[in-house]
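Going by our numbering, the first residue of the sequence shown is number 82, and it counts up by one from there. All C-beta atoms, glycine included, are put in the ideal place defined by N, C-alpha and C.
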Amino acid sequence: MENALERIFVADYEVDYSDVIGKKIECPEGCGLCCLCQPEVLPDERLFFRENYPRDLVKSRGSNPYYALALKKGHGSCVFLDNCTRKCKVYDNRTTYCKQYPFHIYVSDRVKVELDLSCRGVWYGTGNDALTEAKGIVEKADKRIVKALVEAKDVYRQFYANCKESGIMADQSTIRMSLSENLTNFTDLAYLSKVMDLSELEPVMTLDGLQKESKVEMADLEDAAREAAMDSMATNDPLCAPVYCDENWNWNVFMASGDKIDWTVLDDEGNINLKNSAHVSGIPLKPLEEGGEKVLADYIATLNHRDSFMGSVFSLIDSNEYEDNMANAYYGCMSTTILDLMWRASMLDHFMGTGMGSKGMQEAIIFYDMDRLDAQAIGAFV
Ligand code: SF4
Ligand code: SF4
Numbered sequence: 082m083e084n085a086l087e088r089i090f091v092a093d094y095e096v097d098y099s100d101v102i103g104k105k106i107e108c109p110e111g112c113g114l115c116c117l118c119q120p121e122v123l124p125d126e127r128l129f130f131r132e133n134y135p136r137d138l139v140k141s142r143g144s145n146p147y148y149a150l151a152l153k154k155g156h157g158s159c160v161f162l163d164n165c166t167r168k169c170k171v172y173d174n175r176t177t178y179c180k181q182y183p184f185h186i187y188v189s190d191r192v193k194v195e196l197d198l199s200c201r202g203v204w205y206g207t208g209n210d211a212l213t214e215a216k217g218i219v220e221k222a223d224k225r226i227v228k229a230l231v232e233a234k235d236v237y238r239q240f241y242a243n244c245k246e247s248g249i250m251a252d253q254s255t256i257r258m259s260l261s262e263n264l265t266n267f268t269d270l271a272y273l274s275k276v277m278d279l280s281e282l283e284p285v286m287t288l289d290g291l292q293k294e295s296k297v298e299m300a301d302l303e304d305a306a307r308e309a310a311m312d313s314m315a316t317n318d319p320l321c322a323p324v325y326c327d328e329n330w331n332w333n334v335f336m337a338s339g340d341k342i343d344w345t346v347l348d349d350e351g352n353i354n355l356k357n358s359a360h361v362s363g364i365p366l367k368p369l370e371e372g373g374e375k376v377l378a379d380y381i382a383t384l385n386h387r388d389s390f391m392g393s394v395f396s397l398i399d400s401n402e403y404e405d406n407m408a409n410a411y412y413g414c415m416s417t418t419i420l421d422l423m424w425r426a427s428m429l430d431h432f433m434g435t436g437m438g439s440k441g442m443q444e445a446i447i448f449y450d451m452d453r454l455d456a457q458a459i460g461a462f463v
């Protein structure tokens, strides 16, 4: 639940910092994960690159191209990341989004700062105070926030009107509260199975009094988990594939084709080297081990608190033409997300022996969270 004391007012809009309060951030040498993301170069930052590195200011690929910095070999890290030290060669002139990472400012009908858990620097519990850093970032982003807020408020207003008209509206705080009362249930495969069934069968579902299935159809759950995970890995373009930065700062990239998944490692020059392959159907969905449940429940609590997660559910509702009740869509999306994460943890364990305990789940979250935050949402990150 939001704590009113955690809210801080800047200019004429409210910013929710509750996700960063009490956290610390450090950026250890040798990581460079965020330099694989090809951040946008904002208009007032382009002059420096045009004048000094004209060939390295490019249009990104994809359906919504933007000005960005070139990548090594078109799919590796940013050209300005030093191959030997992994330090930025234009540090004082790096882009706004380089400076903002691992913070994300999500603008819906309000403003919330979220933390990217794919950054290892947020897991150590040492370094700079996250709240102080986040406030500085919000202050610098003020103009962009104000502009995005005007647009996002309109989008949300229209979205709520469509929900009411379709009779699928539900109270967001009740949905979130109910999920937070059932956090550990959501780490249980039998419970997830039941939630997924009800989200499809019931016109308006509730978690009140929901019992776990006594018998779980593991084959169905595994199919659902694989399908969710394969959605992002089914590509042969390393730029589009999910990246997992491991403890030794290797950039592991997973790409699937048909039933085969390749574990590759991207090097500092932009080369892709195959490490191993496996048949997707040969990677079972593994049960949680000691400590895994707690790490997973904490992550579910984080997702449940994120406006961007709610915004991604709203985006799904919109693309499904307002057929699903908001609560059904929310609980169904959370279940699919957890299954996706658990299958990725199983896959990391299969290839690297990370396990399904607290360490294994932490590594899976580091692998997964960047993709989660990248999901289509009706609000905007600024
Ligand atoms: S991902 Fe985090 S730890 Fe890694 S370079 Fe970026 S800010 Fe630093
Ligand atoms: S400009 Fe620097 S900090 Fe930004 S992505 Fe490139 S190397 Fe990384």
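Out of the options, state which residue places its alpha-carbon closest to the alpha-carbon of residue i.
i, options, result
"A309", "P109, G413, S254, M250", "G413"
"D304", "G363, K234, V203", "G363"
"D173", "C165, F161, D450", "F161"
"E107", "Y147, N209, R142", "N209"
"T287", "V171, N263, F462, K180", "N263"
"K275", "S295, L198, M433, S261", "S295"
"F240", "V285, D223, E220, S189", "S189"
"D137", "P319, C159, L429", "C159"
"A359", "D430, D455, L212", "D430"
"L397", "V463, S199, R238, A458", "A458"
"P146", "K154, L123, R131", "L123"
"E371", "K105, K180, G441", "G441"
"D278", "G460, T417, E132", "T417"
"K104", "G206, G157, D93, N317", "G206"
"E281", "N317, D235, N409, M299", "N409"
"D340", "N331, D348, V361", "V361"
"D421", "N401, I446, A306, Y182", "A306"
Is it buried or exposed for residue i, if we count other Cβ within 10 angstroms and need 16 for buried?
i, result
"G436", "buried"
"F90", "For F90, the predicted model reports a pLDDT of 44, less than 50, meaning its position is unreliable and no value from the coordinates is stated."
"M41", "Missing from the structure shown is residue 41; the chain here goes from 82 to 463 and no further."
"P109", "exposed"
"D289", "exposed"
"P135", "exposed"
"E283", "exposed"
"Y325", "buried"
"S99", "buried"
"N84", "For N84, the predicted structure reports a pLDDT of 46, less than 50, and the residue's modelled location is therefore unreliable. The matter cannot be settled from this model."
"C165", "exposed"
"R387", "buried"
"R88", "Note that R88 has pLDDT 48, beneath the 50 cutoff, so the model's placement of it is unreliable and no number is given."
"Q292", "exposed"
"E195", "buried"
"L355", "exposed"
"Y178", "buried"
"S389", "buried"
"G113", "buried"
"D379", "exposed"
"V285", "exposed"
"K245", "exposed"
"A242", "exposed"
List the residues that DSSP assigns as beta-bridge partners of residue i.
i, result
"L355", "T345"
"L152", "C159"
"N209", "I106"
"F184", "L196"
"V139", "A149"
"W332", "C326, L347"
"H360", "K341"
"C118", "According to DSSP, which records beta bridges pairwise, C118 is partnered with nothing at all."
"F462", "Y187"
"C169", "L162"
Is residue i near ligand 1 - that is, is its Cβ less than 6 Å away from at least one heavy atom of it?
i, result
"P183", "yes"
"G202", "yes"
"C159", "no"
"L114", "yes"
"C118", "no"
"C520", "What the structure shows of the chain is the stretch from 82 to 463, and residue 520 is not part of that stretch, so it cannot be assessed."
With respect to 6 Å, is the separation between the Cβ of residue i and the closest non-hydrogen atom of ligand 2 below this value?
i, result
"L162", "yes"
"D142", "Looking at the sequence itself, residue 142 is Arg, so the reference to Asp does not match. Checking the Cβ of R142 against ligand 2 gives no."
"C326", "no"
"C179", "yes"
"C169", "yes"
"R175", "yes"
Checklist entry - What are the start and end residues of each continuous alpha helix (DSSP H) run of 4 or more residues lying completely inside the segment 202-279, in chain order? => result Whole alpha helix (DSSP H) segments, 4+ residues: 211-221, 223-247, 253-261.
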